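What follows is a short report on a single structure.
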Amino acid sequence: MKEVYKPIWVSIIGNVLLSLLKLIVGFLYSSIALISDGVHSLSDVITSVAGYFGIRVASKPPDKDHPFGHSRFEPLVAFLIGEALLVVAYEIGRDSFWRLLRGESIQVNWIMLGVAVLSIIVKEAMFRYSVYVGRKLNSQILIADAYHHRSDVLSSVAVLIGLGLQRFGFSKGDALAGLIVSIFLVKVSIEIILENVGYLTGRAPSFEVCEEIKKRALSVPNVLGIHDLRAHYVGNKLHVELHVEVPPELTLKEAHDVSEEVKRRIEEIPEVDRVFVHVDINGVTK
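Residues 1172 to 1457, numbered by the working numbering, are exactly what the sequence shown covers, in order.
The structure is reproduced here in C-alpha cells:
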C-alpha cells in the first residue's frame, strides 16, 4: 500500500470505532455532547473516504482532457471536506443552543468521561500521524484530514470539561460543551476552505519560495540574470515560468543546456511540478 493511503485507512477504521462508541454511550445516557462528538467522528469517516478517492484521482497521470494532470482534484476534495465540516458545526451548535435555552440536564458517569478521554488520546495520535505524512508528501487532503482529527481532539477536550463540570454540579455543562465544539469546528473548516481556495484559483507562492526559485536559477553557470518570473499553483503543485539571460557567445546547444539545468534545479523544489524556461540572448528569445 502506498504511504499516502495509510493515514486515510487509519482514519476510516479509527473513526468508525470511535463514532460507534460515542454514539452508543451518548444515546444510552442522553448526552448531546457525546452524540455531537460521535457525529463529528462519523463525518470524519465520510470525508476520509472522499479524501481517499480524491488522492486516487489527483495522482492520475495527464491525459487528453487534463494535459497538466489532475492535481486540482486534491484541493477540490479538501475544500469539500471543509464545507462538510462547516455543516456539521452548524448542526451541533444549533442543537446545543436549544438545549441551553431549555435548561435540560443529564446525569454524568465515569463511563462517559472515559469515552471522552479515550477519544482525546486516539484522535491526537491520528492527527500526528496524518499531518506528518501529509507534510512529508505535501498532500492537502491528508493535512485537511489531520486537522479534522485535531478538531476532534479539541472537541473531545471540550466534551470532557463539560461533562466534568456537569458531574460536579454545573447543570449546563453538557450543552455548553456541545456549543464549544461547534465553534472549534467553524474555525477549522474556514481555515481548510480558505487554504484550498488559493490552490484552486492559481494563487502565487510565498515570497520565500519565489526567492528560492531565483536563487536556484542564478546558481546555474552562464545565467547572467532572470526576469519575468511567474509561478502559480495548479492544485497543490507549482508551475513556474521564467526568462534567463545568457552570454551572446553561447551556441544554441549550450543555451539549451543552460535552460535544461535551470529547469532541473528548480524542479528539485518539492512544491514545483513543472518549469518553463525561456532563454534570452541580447534581448532575443530562443
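We put the CB at the ideal spot given by N, CA and C, even for glycine. Small disclaimer: the values here were computed from a predicted structure and weren't measured.
Within 10 angstroms of the Cβ of residue i, are there 16 or more other Cβ atoms? Answer buried if so, exposed if not.
| i | result |
| --- | --- |
| I1437 | buried |
| I1351 | buried |
| S1390 | exposed |
| F1250 | buried |
| P1178 | buried |
| S1182 | buried |
| Q1337 | buried |
| H1320 | buried |
| K1434 | buried |
| G1197 | buried |
DSSP state of residue i, grouped into three classes?
| i | result |
| --- | --- |
| A1402 | strand |
| R1445 | strand |
| G1396 | strand |
| K1408 | strand |
| E1439 | coil |
| L1421 | coil |
| V1259 | helix |
| V1216 | helix |
List the endpoints of the continuous beta strand (DSSP E) containing residue i.
| i | result |
| --- | --- |
| D1236 | Element bounds for D1236: n/a, residue is neither H nor E. |
Using 8 Å as the threshold, is the C-beta distance between residue i and residue j below it?
| i | j | result |
| --- | --- | --- |
| I1291 | V1259 | no |
| I1263 | L1356 | yes |
| S1310 | V1175 | yes |
| A1514 | P1418 | Given that the chain is displayed from residue 1172 to residue 1457, the structure contains no residue 1514 and the question cannot be resolved. |
Measuring only between beta-carbons, confirm whether residue i sits less than 8 Å from chain D.
| i | result |
| --- | --- |
| V1450 | The structure shown contains no chain D; it is built from a single protein chain. |
Assuming residue i is part of the alpha helix (DSSP H), what are its boundary residues?
| i | result |
| --- | --- |
| G1285 | 1281-1308 |
| Q1311 | 1311-1338 |
| G1373 | Careful: G1373 lies outside any alpha helix (DSSP H) and carries neither H nor E. |
| V1181 | 1177-1199 |
| E1341 | According to the sequence as given, residue 1341 is Phe; it is not Glu. F1341 -> no alpha helix (DSSP H), and no H or E assigned at all. |
| K1173 | No alpha helix (DSSP H) contains K1173, which DSSP labels as neither H nor E. |
| R1243 | That residue, R1243, is in no alpha helix (DSSP H); it is neither H nor E in DSSP. |
Evaluate the contact criterion for the stretch 1241-1250 versus the stretch 1289-1306: three or more CB pairs, one atom per stretch, below 8 Å.
no
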